[in-house]
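The sequence shown finishes on residue 175 if you use the working numbering, and the numbering steps up by one all the way, no holes. Okay, so here's the structure we're looking at.
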Amino acid sequence: MPVARVVVDVMLKPEILDPQGQAVQRALPRLGFEGIGDVRQGKRFELEVEGPVDGAALARIHEMAETFLANTVIEDFTVKVEEQSK
């Protein structure tokens, strides 16, 4: 049975304050990492999907991301198929 890895990346919308990203940005120069203008933190979900990743499967994953993995009031998300093996 084919298995695919589908990745859902969730990030705060650009207009939403990201305090964790700001804390990382402020710490980088103190740790010797210069030249970083902005840091945004997000979440990455890797889903192992059994069977083909067709339009119906992607629609289900999109619905899962929209209703469970992301808070769409303050977060955006992307869904992509990373790899598929047979």
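Note that CB positions come from ideal geometry on N, CA and C, so glycine has one too.
*Helix, strand or coil for A93 per DSSP?*
strand
*Assign I150 to one of two classes, buried (16 or more other C-beta atoms within 10 Å of its C-beta) or exposed (fewer than that).*
buried
_Taking the alpha-carbon of V168 as reference, which of L101, N160, E152 has the nearest alpha-carbon?_
E152
*Just the Cα atoms here: how many angstroms apart are V76 and V113?*
In this structure the chain extends from 90 to 175, so residue 76 is not present and cannot be described.
*Buried or exposed: which applies to L117, given that a residue is buried once 16 or more other Cβ atoms fall within 10 Å of its Cβ?*
exposed
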